[in-house]
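In our numbering, the protein residues as written are 38 to 104. One structure below.
Okay, here's the thing in structure tokens:
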């Protein structure tokens with residue numbers, strides 16, 4: 038954008054959308070998942086901690102002000 042890095046100031050950093058910056062659809066997913074989990078009483082297999090790669094998804098919302 039042609040701006041110097043020194044001219045920017047970070048005002049807000051929000052990890053995982055803990056504020057009201059993310060889409061509301063994700064906020065309703067947790068209660069629905071809890072209801073489904075309560076209905077499912079099947080045994081869960083013990084986790085396997087083998088070496089390998091894992092992909093995690095995370096949201097970050099930032100507010101940057103320029104001088």
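No residue lacks a Cβ here, since even glycine has one placed at the ideal position from N, Cα and C.
- Judged by their CB atoms, residue 98 and residue 45 are not nearer to each other than the 7 Å cut-off.
- The three-state secondary structure of residue 42, taken from DSSP, is helix.
- Inter-residue distance for residue 47 and residue 91 is about 30 Å (C-alpha atoms, whole angstroms).
- Bounds of the beta strand (DSSP E) holding residue 99 are 97-103.
- DSSP places residue 86 in the coil class of the three-state scheme, outside both helix and strand.
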